[in-house]
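Chemist: Would you mind keeping the following structure in view while I ask a few things?
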């Protein structure tokens, strides 16, 4: 995500908490077999699309707020 967001901010990891999942693995094999489903995007593509969408949405909101502030004087 750092690369997609072009960020140099380091992730902070805290101590483990009760109930945390230590290892998690995902496979789409069962969904592919039973539902004849396959993903439309690779994980990296999906993250890129999602981050881009929210960046654009955020920028639109900022621009709208600036316009309102300028109108209010």
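Residue numbers (my numbering): -9 to 63. In this text, a Cβ means the ideal position worked out from N, Cα and C, and glycines have one as well. These numbers were taken from a predicted model, which means no experiment stands behind them.
1) My output table needs one value for residue 48: the three-state DSSP class, helix, strand or coil.
2) Which one of 1, 28, -6 has the shortest CA to CA distance from residue 17?
3) Less than 8 Å between the beta carbons of residue 11 and residue 41, yes or no?
4) So residue 26 is in the alpha helix (DSSP H); what residue range does that whole segment cover?
5) What is the residue span of the alpha helix (DSSP H) that residue -5 lies within?
6) Express the C-alpha separation of residue 58 and residue -3 in angstroms, rounding to a whole number.
Modeler: Considering the structure as presented:
1) Residue 48: helix per DSSP, three-state reduction.
2) Cα-wise, what sits closest to residue 17 is 28.
3) Residue 11 places its beta carbon 8 Å or farther from that of residue 41.
4) In this chain, residue 26 is not harboured by any alpha helix (DSSP H), its DSSP state being neither H nor E.
5) -8 to -5 is the extent of the alpha helix (DSSP H) around residue -5.
6) Distance between the alpha carbons of residue -3 and residue 58: 30 Å.
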